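So the sequence shown is numbered by the UniProt record's numbering: it starts at 1 and just counts up by one.
Think of the CB as a built atom: it goes at the ideal place given N, C-alpha and C, for glycine as much as any other residue.
As the structure is a prediction and not an experimental result, all values here were calculated from the model.
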Amino acid sequence: MLIHMDQEEEVRMSRLRSCEGKSALSGTSGEDGIVSTIEDNAHQGIPSPVEPKGLCSGLLEEKSSQGPAEDPVLPHRSERIQRSKSFQVSSNLIQHPRIHTREKPFTCTECWKSFQKRSHLIRHHRVHSGEKPYECRTCGKSFSQRSNMIQHQVTHTGEKPYKCAKCGKNFLNNSKLILHQRVHTGEKPYECRTCGKSFSESWQLIQHQVTHAGEKPYKCAECGKSFFRKSHLIRHQLVHTREKPWECRTCGKSFSVSSKLIQHQVTHTGEMPYKCDECGKSFSLSSSLIRHKIIHTGEKPYKCAECGKSFSRKLDLMQHQRVHTGEKPYQCRTCGKSFSVSSSLIRHQVTHTGEKPYKCAECGKSFSENLKLVQHQQVHAAKKLYKCRSCGKRFSVSLALARHQQVHTRKKPFWYVDCGKSF
(Lines of atoms letter the chains of each structure in order from A and count residues from 1; the text may use other names and numbers.)
(Lines give C-alpha, C1' and ligand atoms only; values in the text may rest on other atoms or scores of the structure.)
Protein backbone atom coordinates (compact mmCIF):
# COMPACT_ATOMS: atom_id res chain seq x y z
CA MET A 1 0.00 0.00 0.00
CA LEU A 2 2.84 2.35 0.84
CA ILE A 3 4.59 1.51 -2.42
CA HIS A 4 1.36 2.13 -4.34
CA MET A 5 0.92 5.60 -2.77
CA ASP A 6 4.55 6.48 -3.55
CA GLN A 7 3.99 5.55 -7.19
CA GLU A 8 0.85 7.67 -7.37
CA GLU A 9 2.71 10.60 -5.82
CA GLU A 10 5.53 10.21 -8.35
CA VAL A 11 3.02 10.23 -11.24
CA ARG A 12 1.41 13.40 -9.88
CA MET A 13 4.78 15.14 -9.51
CA SER A 14 5.91 14.20 -13.03
CA ARG A 15 2.62 15.59 -14.39
CA LEU A 16 3.14 18.78 -12.41
CA ARG A 17 6.65 19.24 -13.81
CA SER A 18 5.50 18.56 -17.40
CA CYS A 19 2.91 21.33 -17.31
CA GLU A 20 4.80 24.03 -15.42
CA GLY A 21 5.54 25.72 -18.73
CA LYS A 22 1.82 25.79 -19.53
CA SER A 23 0.87 27.36 -16.22
CA ALA A 24 2.39 30.68 -17.22
CA LEU A 25 0.21 30.80 -20.31
CA SER A 26 -3.01 30.40 -18.34
CA GLY A 27 -2.07 32.65 -15.41
CA THR A 28 -3.19 36.26 -15.10
CA SER A 29 -1.11 37.92 -12.42
CA GLY A 30 1.54 37.32 -9.79
CA GLU A 31 -0.04 34.33 -8.00
CA ASP A 32 2.15 33.80 -4.91
CA GLY A 33 -0.91 34.13 -2.70
CA ILE A 34 -2.92 31.59 -4.71
CA VAL A 35 -0.16 28.96 -4.65
CA SER A 36 0.35 29.24 -0.89
CA THR A 37 -3.43 29.02 -0.32
CA ILE A 38 -3.64 25.80 -2.32
CA GLU A 39 -0.74 24.35 -0.35
CA ASP A 40 -2.28 25.29 3.02
CA ASN A 41 -5.62 23.80 2.04
CA ALA A 42 -3.92 20.64 0.85
CA HIS A 43 -2.05 20.26 4.15
CA GLN A 44 -5.31 20.68 6.06
CA GLY A 45 -7.30 18.38 3.77
CA ILE A 46 -9.59 21.25 2.66
CA PRO A 47 -10.45 21.54 -1.05
CA SER A 48 -10.01 24.96 -2.66
CA PRO A 49 -13.43 26.63 -3.18
CA VAL A 50 -12.29 28.57 -6.29
CA GLU A 51 -10.41 27.16 -9.23
CA PRO A 52 -7.13 29.12 -9.20
CA LYS A 53 -6.06 30.82 -12.42
CA GLY A 54 -2.64 29.81 -13.68
CA LEU A 55 -2.77 26.16 -12.59
CA CYS A 56 -2.18 23.43 -15.14
CA SER A 57 -5.43 21.97 -16.51
CA GLY A 58 -4.05 18.43 -16.14
CA LEU A 59 -3.34 19.00 -12.46
CA LEU A 60 -6.85 20.38 -11.89
CA GLU A 61 -8.44 17.33 -13.56
CA GLU A 62 -6.60 14.98 -11.24
CA LYS A 63 -7.48 17.19 -8.29
CA SER A 64 -11.23 17.09 -9.08
CA SER A 65 -11.25 13.31 -9.59
CA GLN A 66 -9.69 12.61 -6.21
CA GLY A 67 -10.84 13.40 -2.70
CA PRO A 68 -9.65 16.28 -0.55
CA ALA A 69 -7.09 14.10 1.18
CA GLU A 70 -5.31 13.45 -2.13
CA ASP A 71 -4.85 17.06 -3.24
CA PRO A 72 -1.39 17.63 -4.74
CA VAL A 73 1.25 19.17 -2.50
CA LEU A 74 4.41 20.81 -3.82
CA PRO A 75 7.26 18.70 -2.45
CA HIS A 76 9.84 21.31 -1.35
CA ARG A 77 10.56 25.05 -1.19
CA SER A 78 12.78 25.32 -4.29
CA GLU A 79 10.02 23.91 -6.51
CA ARG A 80 7.45 26.26 -4.91
CA ILE A 81 9.71 29.23 -5.75
CA GLN A 82 10.12 28.01 -9.32
CA ARG A 83 6.35 27.62 -9.64
CA SER A 84 5.65 31.09 -8.26
CA LYS A 85 8.11 32.57 -10.76
CA SER A 86 6.10 31.08 -13.62
CA PHE A 87 3.23 33.36 -12.64
CA GLN A 88 5.40 36.52 -12.71
CA VAL A 89 5.53 36.53 -16.51
CA SER A 90 1.74 36.24 -16.79
CA SER A 91 1.25 40.04 -16.71
CA ASN A 92 3.43 40.32 -19.81
CA LEU A 93 1.37 37.60 -21.48
CA ILE A 94 -1.76 39.67 -20.86
CA GLN A 95 -0.21 42.93 -22.08
CA HIS A 96 1.36 41.46 -25.25
CA PRO A 97 -1.92 40.58 -27.08
CA ARG A 98 -2.94 44.25 -26.76
CA ILE A 99 -0.28 45.03 -29.37
CA HIS A 100 -2.25 42.92 -31.87
CA THR A 101 -5.79 43.82 -30.71
CA ARG A 102 -4.88 47.52 -30.22
CA GLU A 103 -6.76 47.42 -26.93
CA LYS A 104 -6.04 50.46 -24.72
CA PRO A 105 -7.79 49.90 -21.36
CA PHE A 106 -6.05 52.69 -19.42
CA THR A 107 -7.65 56.10 -20.05
CA CYS A 108 -6.53 59.55 -18.89
CA THR A 109 -9.38 61.35 -17.10
CA GLU A 110 -7.89 64.74 -18.08
CA CYS A 111 -7.82 64.44 -21.87
CA TRP A 112 -9.34 60.93 -22.43
CA LYS A 113 -6.26 59.65 -24.22
CA SER A 114 -5.92 55.85 -23.89
CA PHE A 115 -2.88 53.62 -23.36
CA GLN A 116 -2.05 49.92 -23.51
CA LYS A 117 -0.09 49.91 -20.24
CA ARG A 118 -0.68 51.47 -16.85
CA SER A 119 2.95 52.64 -16.76
CA HIS A 120 2.35 54.62 -19.97
CA LEU A 121 -0.69 56.29 -18.42
CA ILE A 122 1.31 57.23 -15.30
CA ARG A 123 4.03 58.72 -17.48
CA HIS A 124 1.40 60.61 -19.53
CA HIS A 125 -0.16 62.11 -16.37
CA ARG A 126 3.05 64.12 -15.92
CA VAL A 127 2.06 66.16 -18.99
CA HIS A 128 -0.92 67.50 -17.03
CA SER A 129 0.69 67.64 -13.58
CA GLY A 130 4.00 69.09 -14.80
CA GLU A 131 5.88 66.62 -12.62
CA LYS A 132 9.53 66.10 -13.58
CA PRO A 133 10.99 63.59 -11.13
CA TYR A 134 14.25 62.91 -12.99
CA GLU A 135 16.90 65.54 -12.33
CA CYS A 136 20.31 65.96 -13.99
CA ARG A 137 23.00 66.03 -11.31
CA THR A 138 25.28 68.17 -13.46
CA CYS A 139 23.04 71.13 -14.28
CA GLY A 140 19.90 70.49 -12.23
CA LYS A 141 17.55 70.33 -15.23
CA SER A 142 14.52 68.10 -14.62
CA PHE A 143 12.70 65.70 -16.93
CA SER A 144 9.40 63.83 -16.88
CA GLN A 145 10.96 60.66 -18.32
CA ARG A 146 14.13 58.87 -17.31
CA SER A 147 15.11 58.19 -20.94
CA ASN A 148 15.05 61.95 -21.66
CA MET A 149 17.36 62.60 -18.72
CA ILE A 150 19.83 59.93 -19.91
CA GLN A 151 19.87 61.48 -23.40
CA HIS A 152 20.36 64.93 -21.88
CA GLN A 153 23.33 63.83 -19.75
CA VAL A 154 25.27 62.99 -22.90
CA THR A 155 25.21 66.70 -23.81
CA HIS A 156 27.57 67.29 -20.88
CA THR A 157 30.01 64.54 -21.87
CA GLY A 158 29.73 65.12 -25.64
CA GLU A 159 30.00 61.37 -26.17
CA LYS A 160 28.44 59.85 -29.30
CA PRO A 161 29.31 56.16 -29.12
CA TYR A 162 26.99 54.87 -31.87
CA LYS A 163 28.51 55.17 -35.35
CA CYS A 164 26.86 54.63 -38.73
CA ALA A 165 28.91 52.16 -40.76
CA LYS A 166 27.60 53.67 -44.01
CA CYS A 167 28.51 57.35 -43.62
CA GLY A 168 30.48 57.48 -40.35
CA LYS A 169 28.04 59.79 -38.55
CA ASN A 170 27.91 59.38 -34.76
CA PHE A 171 24.84 59.38 -32.51
CA LEU A 172 24.05 59.76 -28.82
CA ASN A 173 22.01 56.56 -28.59
CA ASN A 174 21.33 53.37 -30.52
CA SER A 175 17.72 54.28 -31.34
CA LYS A 176 18.87 57.44 -33.15
CA LEU A 177 21.38 55.35 -35.12
CA ILE A 178 18.66 52.86 -36.16
CA LEU A 179 16.42 55.70 -37.35
CA HIS A 180 19.34 57.29 -39.24
CA GLN A 181 20.19 54.03 -41.02
CA ARG A 182 16.76 54.10 -42.66
CA VAL A 183 18.00 57.12 -44.65
CA HIS A 184 20.45 54.77 -46.38
CA THR A 185 18.18 51.69 -46.60
CA GLY A 186 15.00 53.58 -47.48
CA GLU A 187 13.06 51.38 -45.05
CA LYS A 188 9.61 52.70 -44.07
CA PRO A 189 8.03 50.10 -41.77
CA TYR A 190 5.08 52.20 -40.55
CA GLU A 191 2.17 52.20 -43.02
CA CYS A 192 -1.05 54.21 -42.87
CA ARG A 193 -4.08 51.88 -43.12
CA THR A 194 -6.21 54.62 -44.62
CA CYS A 195 -4.10 55.71 -47.61
CA GLY A 196 -1.19 53.24 -47.63
CA LYS A 197 1.51 55.89 -47.19
CA SER A 198 4.60 54.61 -45.36
CA PHE A 199 6.90 56.27 -42.85
CA SER A 200 10.31 55.55 -41.36
CA GLU A 201 9.28 56.51 -37.81
CA SER A 202 6.17 55.67 -35.78
CA TRP A 203 5.55 59.26 -34.66
CA GLN A 204 5.41 60.36 -38.31
CA LEU A 205 2.61 57.86 -38.92
CA ILE A 206 0.70 59.06 -35.83
CA GLN A 207 0.98 62.68 -36.95
CA HIS A 208 -0.04 61.76 -40.50
CA GLN A 209 -3.17 59.91 -39.34
CA VAL A 210 -4.46 63.12 -37.78
CA THR A 211 -4.70 64.63 -41.28
CA HIS A 212 -7.35 62.04 -42.17
CA ALA A 213 -9.36 62.82 -39.05
CA GLY A 214 -9.10 66.57 -39.74
CA GLU A 215 -8.62 67.15 -36.02
CA LYS A 216 -6.38 69.97 -34.79
CA PRO A 217 -6.16 69.30 -31.05
CA TYR A 218 -3.34 71.72 -30.20
CA LYS A 219 -4.55 75.31 -29.80
CA CYS A 220 -2.49 78.46 -29.16
CA ALA A 221 -3.76 80.28 -26.07
CA GLU A 222 -2.34 83.56 -27.40
CA CYS A 223 -4.06 83.82 -30.79
CA GLY A 224 -6.38 80.80 -30.92
CA LYS A 225 -4.71 79.13 -33.89
CA SER A 226 -4.93 75.31 -33.92
CA PHE A 227 -2.38 72.74 -35.08
CA PHE A 228 -2.25 69.06 -35.99
CA ARG A 229 0.95 68.53 -34.02
CA LYS A 230 2.14 69.63 -30.62
CA SER A 231 5.59 70.41 -32.05
CA HIS A 232 3.96 72.86 -34.49
CA LEU A 233 2.17 74.59 -31.63
CA ILE A 234 5.41 74.91 -29.63
CA ARG A 235 7.20 76.30 -32.69
CA HIS A 236 4.33 78.72 -33.35
CA GLN A 237 4.36 80.00 -29.76
CA LEU A 238 7.91 81.24 -30.31
CA VAL A 239 6.38 83.85 -32.66
CA HIS A 240 4.70 85.39 -29.62
CA THR A 241 7.53 84.89 -27.11
CA ARG A 242 10.48 85.56 -29.49
CA GLU A 243 12.32 82.87 -27.54
CA LYS A 244 15.37 81.30 -29.20
CA PRO A 245 16.37 78.35 -27.01
CA TRP A 246 18.73 76.64 -29.49
CA GLU A 247 22.22 78.16 -29.23
CA CYS A 248 25.26 77.40 -31.34
CA ARG A 249 28.18 76.44 -29.09
CA THR A 250 30.70 77.61 -31.66
CA CYS A 251 29.57 81.20 -32.27
CA GLY A 252 26.75 81.73 -29.75
CA LYS A 253 24.05 82.48 -32.33
CA SER A 254 20.56 81.43 -31.19
CA PHE A 255 17.62 79.92 -33.08
CA SER A 256 13.94 79.32 -32.40
CA VAL A 257 13.90 75.74 -33.76
CA SER A 258 16.49 72.96 -33.60
CA SER A 259 16.45 72.33 -37.38
CA LYS A 260 17.66 75.90 -37.98
CA LEU A 261 20.53 75.35 -35.54
CA ILE A 262 21.51 72.13 -37.34
CA GLN A 263 21.49 73.95 -40.68
CA HIS A 264 23.60 76.74 -39.18
CA GLN A 265 26.16 74.37 -37.66
CA VAL A 266 27.01 73.15 -41.15
CA THR A 267 28.60 76.57 -41.77
CA HIS A 268 31.20 75.61 -39.14
CA THR A 269 31.62 71.88 -39.91
CA GLY A 270 30.83 71.83 -43.64
CA GLU A 271 29.24 68.40 -43.13
CA MET A 272 26.51 67.43 -45.62
CA PRO A 273 25.82 63.70 -45.25
CA TYR A 274 22.59 63.52 -47.31
CA LYS A 275 23.31 63.20 -51.02
CA CYS A 276 20.89 63.25 -53.96
CA ASP A 277 21.33 60.15 -56.17
CA GLU A 278 19.92 62.05 -59.15
CA CYS A 279 22.25 65.06 -59.33
CA GLY A 280 24.82 64.50 -56.57
CA LYS A 281 23.88 67.59 -54.55
CA SER A 282 24.43 67.19 -50.79
CA PHE A 283 22.41 68.47 -47.85
CA SER A 284 22.84 68.83 -44.10
CA LEU A 285 19.31 67.59 -43.29
CA SER A 286 17.39 64.56 -44.57
CA SER A 287 14.25 66.72 -44.83
CA SER A 288 16.13 69.10 -47.15
CA LEU A 289 17.09 66.17 -49.38
CA ILE A 290 13.45 64.98 -49.52
CA ARG A 291 12.27 68.47 -50.49
CA HIS A 292 15.03 68.71 -53.13
CA LYS A 293 14.05 65.40 -54.78
CA ILE A 294 10.67 66.90 -55.68
CA ILE A 295 12.56 69.14 -58.17
CA HIS A 296 13.47 66.03 -60.17
CA THR A 297 10.05 64.35 -59.94
CA GLY A 298 8.06 67.56 -60.45
CA GLU A 299 5.59 66.28 -57.87
CA LYS A 300 3.30 68.83 -56.21
CA PRO A 301 1.35 66.79 -53.64
CA TYR A 302 -0.04 69.72 -51.63
CA LYS A 303 -3.19 71.13 -53.22
CA CYS A 304 -5.21 74.16 -52.13
CA ALA A 305 -8.85 73.16 -51.55
CA GLU A 306 -9.92 76.76 -52.20
CA CYS A 307 -8.47 77.45 -55.66
CA GLY A 308 -6.89 74.13 -56.72
CA LYS A 309 -3.33 75.46 -56.93
CA SER A 310 -0.68 72.82 -56.10
CA PHE A 311 2.61 73.12 -54.26
CA SER A 312 5.69 70.98 -53.78
CA ARG A 313 6.00 71.87 -50.09
CA LYS A 314 3.39 71.86 -47.35
CA LEU A 315 4.84 75.11 -45.98
CA ASP A 316 4.19 76.83 -49.33
CA LEU A 317 0.59 75.63 -49.28
CA MET A 318 0.07 76.91 -45.73
CA GLN A 319 1.46 80.33 -46.66
CA HIS A 320 -0.68 80.41 -49.81
CA GLN A 321 -3.87 79.60 -47.88
CA ARG A 322 -3.43 82.85 -45.94
CA VAL A 323 -4.26 84.66 -49.20
CA HIS A 324 -7.77 83.21 -48.91
CA THR A 325 -8.15 83.44 -45.12
CA GLY A 326 -6.47 86.85 -44.74
CA GLU A 327 -4.62 85.50 -41.72
CA LYS A 328 -1.56 87.49 -40.64
CA PRO A 329 -0.12 85.75 -37.57
CA TYR A 330 3.24 87.58 -37.49
CA GLN A 331 2.92 90.93 -35.74
CA CYS A 332 5.54 93.65 -35.28
CA ARG A 333 5.88 94.50 -31.59
CA THR A 334 7.09 98.01 -32.37
CA CYS A 335 4.24 99.29 -34.54
CA GLY A 336 1.68 96.47 -34.44
CA LYS A 337 1.70 95.82 -38.19
CA SER A 338 0.92 92.19 -39.10
CA PHE A 339 2.26 89.93 -41.85
CA SER A 340 1.27 86.59 -43.37
CA VAL A 341 4.83 85.18 -43.45
CA SER A 342 7.65 85.48 -40.92
CA SER A 343 10.20 86.61 -43.54
CA SER A 344 8.07 89.70 -44.27
CA LEU A 345 8.03 90.56 -40.57
CA ILE A 346 11.83 90.22 -40.36
CA ARG A 347 12.26 92.53 -43.38
CA HIS A 348 9.85 95.04 -41.86
CA GLN A 349 11.59 95.12 -38.48
CA VAL A 350 14.74 96.44 -40.14
CA THR A 351 12.85 99.68 -40.90
CA HIS A 352 12.72 100.34 -37.15
CA THR A 353 16.31 99.35 -36.37
CA GLY A 354 17.93 100.79 -39.53
CA GLU A 355 20.18 97.74 -39.64
CA LYS A 356 21.77 96.83 -42.99
CA PRO A 357 23.54 93.53 -42.40
CA TYR A 358 23.98 92.54 -46.08
CA LYS A 359 27.16 94.06 -47.53
CA CYS A 360 28.40 93.97 -51.12
CA ALA A 361 31.93 92.55 -51.28
CA GLU A 362 32.55 94.40 -54.56
CA CYS A 363 31.83 98.00 -53.55
CA GLY A 364 31.04 97.84 -49.82
CA LYS A 365 27.45 99.06 -50.15
CA SER A 366 25.09 97.68 -47.46
CA PHE A 367 21.47 96.56 -47.69
CA SER A 368 18.67 95.71 -45.25
CA GLU A 369 17.59 92.62 -47.21
CA ASN A 370 19.50 89.79 -48.82
CA LEU A 371 17.30 90.03 -51.93
CA LYS A 372 18.34 93.65 -52.48
CA LEU A 373 22.00 92.68 -52.15
CA VAL A 374 21.54 89.95 -54.78
CA GLN A 375 19.85 92.42 -57.13
CA HIS A 376 22.66 94.93 -56.56
CA GLN A 377 25.37 92.35 -57.25
CA GLN A 378 23.87 91.79 -60.68
CA VAL A 379 25.01 95.32 -61.51
CA HIS A 380 28.61 94.20 -61.02
CA ALA A 381 28.14 90.84 -62.71
CA ALA A 382 25.86 92.03 -65.56
CA LYS A 383 27.04 91.86 -69.13
CA LYS A 384 28.14 95.31 -70.33
CA LEU A 385 26.32 95.64 -73.64
CA TYR A 386 27.16 99.29 -74.43
CA LYS A 387 30.61 99.73 -76.01
CA CYS A 388 32.42 102.98 -76.69
CA ARG A 389 33.52 103.10 -80.35
CA SER A 390 36.40 105.39 -79.58
CA CYS A 391 38.20 103.43 -76.86
CA GLY A 392 36.34 100.11 -76.55
CA LYS A 393 35.27 100.65 -72.95
CA ARG A 394 31.99 98.92 -72.06
CA PHE A 395 29.07 100.02 -69.89
CA SER A 396 26.01 98.29 -68.45
CA VAL A 397 23.63 101.20 -69.14
CA SER A 398 23.37 103.53 -72.16
CA LEU A 399 23.38 106.68 -70.02
CA ALA A 400 26.80 105.78 -68.64
CA LEU A 401 28.12 105.31 -72.19
CA ALA A 402 26.72 108.68 -73.32
CA ARG A 403 28.32 110.40 -70.37
CA HIS A 404 31.65 108.69 -71.14
CA GLN A 405 31.63 109.66 -74.82
CA GLN A 406 31.72 113.32 -73.85
CA VAL A 407 35.32 112.71 -72.81
CA HIS A 408 36.19 112.01 -76.45
CA THR A 409 34.00 114.68 -78.12
CA ARG A 410 34.81 117.34 -75.50
CA LYS A 411 31.15 118.23 -75.76
CA LYS A 412 29.87 120.19 -72.76
CA PRO A 413 26.06 120.12 -72.91
CA PHE A 414 25.53 122.16 -69.74
CA TRP A 415 26.34 125.90 -69.63
CA TYR A 416 25.80 128.71 -67.14
CA VAL A 417 23.29 131.32 -68.40
CA ASP A 418 24.94 134.34 -66.76
CA CYS A 419 28.48 133.80 -68.02
CA GLY A 420 28.06 131.22 -70.77
CA LYS A 421 30.59 128.77 -69.26
CA SER A 422 30.05 125.17 -70.37
CA PHE A 423 30.31 122.01 -68.34
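Between Tyr190 and Asn174, the C-beta gap is not smaller than 9 Å, which leaves the two residues out of contact. Taking a 10 Å sphere around the C-beta of Ser284, we find 16 or more other C-beta atoms and assign the residue as buried. Here the alpha carbon of His184 sits roughly 8 Å from the alpha carbon of Lys166. In this structure, Arg403 is the residue among Arg403, Gln377, Gln375, Gln378 with its C-alpha nearest to the C-alpha of Tyr386. Judged by their CB atoms, Arg126 and Ser144 are nearer to each other than the 9 Å cut-off. In the structure shown, Arg394 falls within a strand segment according to DSSP collapsed to helix, strand and coil. A direct Cα-to-Cα measurement between His264 and Gln319 gives close to 24 Å. Below 8 Å, too few C-beta pairs join the segment 349-363 and the segment 259-279 to call them touching: fewer than three. A residue is called buried once 16 or more other Cβ atoms fall within 10 Å of its Cβ, and Leu371, having fewer, is exposed. Arg322 sits close to Lys328, with the two beta carbons spaced by under 9 Å. Comparing C-alpha distances from Cys332 to each of Cys360, Leu345, Lys356 shows the shortest one belongs to Leu345. Under the criterion of beta carbons closer than 8 Å, Phe227 and Lys216 qualify as touching, at roughly 6 Å.
Less than 9 Å divides the Cβ of Ser396 from the Cβ of Val379.
If you look at Asp277, you'll find it isn't in any alpha helix (DSSP H); DSSP assigns it neither H nor E. In the three-state reduction of the DSSP assignment, Lys337 falls in the coil class, being assigned neither a helical nor a strand state.
When the five nearest sequence neighbours on each side are left out, the beta carbons in the same chain lying within less than 7 Å of the beta carbon of Leu401 are those of Tyr386, Cys388, Phe395, in order along the chain. Per DSSP, the beta bridge partners of Phe143 are Tyr134. The three-state secondary structure of Trp203, taken from DSSP, is helix. With contacts defined as CB atoms closer than 9 Å, Arg229 and Gln207 qualify as a contacting pair.
Collapsing the DSSP output to three states places Thr409 in a helix. Residues of the same chain with a CB within less than 6 Å of the CB of Ser200, apart from the 5 flanking positions on each side, are Arg182, Lys188 in chain order. The criterion of a C-beta distance shorter than 9 Å is satisfied by Ser310 and Lys300. Separation of Val239 and Lys356 (C-alpha to C-alpha, rounded to the nearest whole angstrom) is 23 Å. In this structure, His180 is the residue among Asp316, His180, Glu135, Gln406 with its C-alpha nearest to the C-alpha of Pro273. Selection Ile290, Ala221, Gly140, Glu222 evaluated against Asp277 yields Ile290 as nearest (Cα-Cα). DSSP places Ser284 in no alpha helix (DSSP H); its state is neither H nor E.
Annotation: the continuous alpha helix (DSSP H) that includes Lys314 extends over 314-325. Exclusion of the five residues before and after Tyr358 leaves Phe367, Asn370, Leu373 as the residues of its chain whose Cβ lies within less than 6 Å of its Cβ.
The DSSP-derived three-state label of Gln116 is coil.
For Trp246 and Ser254, the gap between their C-alpha atoms comes out near 5 Å.
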